[in-house]
Amino acid sequence: MKIFNTLGRRLEEFKPIKKGFVGLYTCGPTVYNFSHIGNLRTYIFEDVLRRVLEWNGFKVKQVMNITDVEDKIIKKAIEESKTISEITTPYTRIFFSDLEDLNIKKAAVYPRATRHIKDMLRMVKTLAQKGFAYRAKDDSVYFEIDKFPEYGKLAGLDKVALQSGARVESDEYDKEEARDFVLWKAQKPKEPSWPSEFGPGRPGWHIECSAMSTRYLGPTFDIHTGGVDNIFPHHENEIAQSEAATGKPFVNYWVHSEHLMVDGQKMSKSFNNFYTLRDVKERGFEPLAFRYATLMSHYRSKMNFTWEALEASQNALNNLRFEIAKLKMFADKSGSPDAENKFRFAFSEAVNNDLNVPEALGVAWQAVKDDSLSPKQKLRLLLDFDKIFGLGLENVKKPVIPRKIKAVVKERELLRANKQFIQSDALRNKIEALGYKLEDTENGPIVIKKPK
Ligand code: AMP
Ligand code: ZN
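The sequence shown begins at 18 in this note's numbering and counts up by one.
Here it is in structure tokens:
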């Protein structure tokens with residue numbers, strides 16, 4: 018299986034540290050608001066990556082953190098005179114319900130930052146002891162980027178641009194501001210804080226992920242993911258902190274997905290151009306239709322969101338379900354194993370080539386149309402492929418057709434046998450008007466309820 022490693026910016030054959038096992042860390046949500054569907058695109062990509070690893074026989078331990086203390090959360094809590102937990106608890110619940118709606122597999126652990134302050138402080142202490150961290154005049158503790166010669170290796174920063182000694186206190190900043198970044202923020206009035214040997218304060222955002230990933234996956238693990246906006250400063254800083262603290266390589270493969278865009282701009286809360294899964298549902302679409310839409314673009318390509326495209330995805334998903342329902346109606350008939358293997362091979366090739374899911378989706382639709390496959394084979398292939406698509410196709414039931422409709426179909430067959438085509442066409446129209454779709458096949462006519 019090949020995957021594009023942001024570290025080195027090249028396609029690489031994936032090799033796990035431990036045979037048959039993959040440690041996967043996924044930067045999770047900052048729970049101060051709803052996730053927007055851009056965030057959800059990234060979580061779906063991470064789910065697909067995990068499913069592809071599992072398809073290849075790896076056992077995956079996925080860890081996804083919940084950032085429940087951070088600048089934006091604190092700002093909102095202060096504005097609304099609430100505790101941070103009053104802000105984060107409801108949004109954490111909504112986040113999990115979004116994951117469920119999108120059929121995203123559960124991670125092994127969802128560590129919360131506020132429950133791992135000790136791990137973070139331990140890492141900050143190690144960094145201070147090893148001379149990578151210092152306490153500044155504002156009493157906060159900073160990471161000194163000059164002490165870590167490899168700083169910038171993930172984002173490809175020009176060393177000259179680095180401004181060690183200049184500090185940045187905010188958690189998010191641009192490449193132009195590559196400076197010493199904060200590990201432990203000294204308490205400010207009204208802000209939540211934890212006691213520490215550096216004085217009361219709270220962790221910086223970056224140290225949260227370094228401490229929690231190490232806690233659950235060890236000092237060196239296989240894959241770390243996120244959206245491309247996480248590359249700098251977040252992931253660059255994670256590497257610096259972790260490698261400086263442990264003296265070991267932090268992560269072997271960094272995998273990042275591109276943004277969801279609206280009208281040529283990144284979907285983002287700060288641009289106020291975002292939609293949530295609630296908006297999707299309110300407009301009559303299923304969350305799984307959005308999942309389908311994300312499968313149509315490669316994870317390293319920007320994906321443009323439009324309601325028209327979502328509608329097309331909803332229709333495609335309905336059609337796919339319709340095909341499965343139809344396949345379930347046919348008697349079992351085995352076909353040529355060669356033909357089936359050919360499709361399975363093409364599918365594996367696609368997903369193993371840097372997660373080319375759009376191509377894999379194409380293979381699935383070709384299988385639907387291919388006459389060399391028996392219905393039983395098609396069904397088997399589609400349900401197997403759905404282990405990666407995650408569209409819940411296994412839930413499509415064999416259709417139950419009301420007796421009334423079956424009687425009309427039978428009557429139509431008699432008319433057709435008597436070559437009374439005008440009358441038989443009228444009955445077809447009647448069936449359609451009753452909300453069913455009729456198709457004449459070599460195995461006889463089949464009827465299925467029309468997708469909504
Ligand atoms: P946040 O809650 O802002 O930390 O973002 C959660 C995840 O969503 C991170 O992995 C981000 O990289 C990702 N993300 C943010 N905006 C977008 C977007 N427009 N498209 C895709 N992913 C995004
Ligand atoms: Zn993170």
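We treat Cβ as the ideally placed atom computed from N, Cα and C, and that holds for glycine.
Short check: CB of TRP271 to CB of THR23, under 7 Å? Taking C-beta atoms as the reference points, TRP271 and THR23 count as a pair closer than 7 Å.
Out of PRO46, ILE463, GLU167, point me to the one whose CA is closest to ILE111's CA. PRO46
C-beta contact flag for VAL141 and LEU200 at 7 Å: yes
Report yes if the CB atom of ASN370 is closer than 7 Å to the CB atom of LYS92, and no otherwise. no
Closest by CA to ASN82, which one among LYS122, ARG68, VAL126, ILE90? VAL126
Our contact map puts HIS276 next to GLY244 with C-beta atoms below 8 Å; I'd like the distance itself, whole angstroms only. About 6 Å; that satisfies the 8 Å criterion.
Assess contact between the stretch 258–267 and the stretch 217–228, defined as three or more Cβ pairs (one per stretch) separated by less than 8 Å. Is contact present? yes
Does DSSP put ALA203 in a helix, a strand or coil? If DSSP states are grouped into helix, strand and coil, ALA203 belongs with the strands.
Residues in its own chain within less than 6 Å of PHE322 by CB, not counting five upstream and five downstream? So the qualifying residues of the chain are LEU277, VAL279.
Distance between PRO266 and ALA17 (C-alpha atoms, nearest Å): Missing from the structure shown is residue 17; the chain here goes from 18 to 469 and no further.
Any non-hydrogen atom of the ligand AMP closer than 6 Å to MET313 Cβ: no
Just to confirm the assignment, what range does the alpha helix (DSSP H) spanning PHE438 have? Here the alpha helix (DSSP H) through PHE438 covers 438–450.
Quick check on the DSSP output: the beta strand (DSSP E) that includes PHE21 runs from which residue to which? 19–22
To which residues of the same chain is GLU71 closer than 8 Å at the C-beta, ignoring the five residues directly before and after it? VAL77, LYS404
Under the three-state DSSP convention, the category ARG152 falls into: strand
In the DSSP assignment, find the beta strand (DSSP E) that holds GLY407 and state where it starts and stops. For GLY407, there is no enclosing beta strand (DSSP E), as DSSP marks it with neither H nor E.
Using 7 Å as the threshold, is the C-beta distance between ILE465 and ALA326 below it? No, the pair does not count as a contact, with Cβ atoms beyond the cut-off.
Around the ligand AMP, which residues pass a check of Cβ closer than 6 Å to any of its heavy atoms? These are the residues, in chain order, with a beta carbon less than 6 Å from any non-hydrogen atom of the ligand AMP: CYS44, PRO46, THR47, GLY55, ASN56, ARG58, THR59, GLY243, GLY244, ASP246, ASN247, HIS276, LEU277, LYS283, MET284, SER285.
Taking just the CA atoms, how far does ARG420 sit from GLN437? If I take the Cα positions, the gap works out to 23 Å.
Can you give the beta carbon distance from ASN50 to LYS283, rounded, assuming they're within the 8 Å contact cut? About 16 Å; that fails the 8 Å criterion.
Selection from PHE402, LEU431, GLY409 that minimises the alpha carbon distance to VAL69: Measuring from the Cα of VAL69, the nearest candidate turns out to be PHE402.
In the structure shown, what three-state DSSP assignment does MET81 receive? strand
TYR159: first and last residue of the uninterrupted beta strand (DSSP E) it sits in: In the DSSP assignment, TYR159 falls within the unbroken beta strand (DSSP E) covering 158–160.
Taking 7 Å as the cut-off, decide whether the C-beta atoms of GLY221 and ALA203 are in contact. no
Can you pull the DSSP bridge partners for SER274? GLY244
When we look at the beta-carbon of LEU431 and count the other beta-carbons within 10 Å, is it buried (16 or more) or exposed? exposed
Give the secondary structure of ASN50 by DSSP, where H, G and I count as helix, E and B as strand, and everything else as coil. Coil.
Just to confirm the assignment, what range does the alpha helix (DSSP H) spanning VAL141 have? 134–146
Which residues does DSSP list as the beta-bridge partners of TRP211? GLY218
How big is the Cα-Cα spacing for GLY281 and ALA145? Between GLY281 and ALA145, the C-alpha separation is close to 44 Å.
Beta-carbon gap between PRO375 and MET313 smaller than 7 Å: yes
Please go through the same chain and pick out, in chain order, the residues whose beta-carbon is closer than 8 Å to the beta-carbon of GLY37, but skip the five residues on each side of it. GLY74, PHE75, LYS76
According to DSSP, residues forming a beta bridge with MET320: LEU277
Under DSSP, the beta strand (DSSP E) around ARG27 begins and ends at which residues? 27–30
According to DSSP, is LYS466 helix, strand or coil? strand
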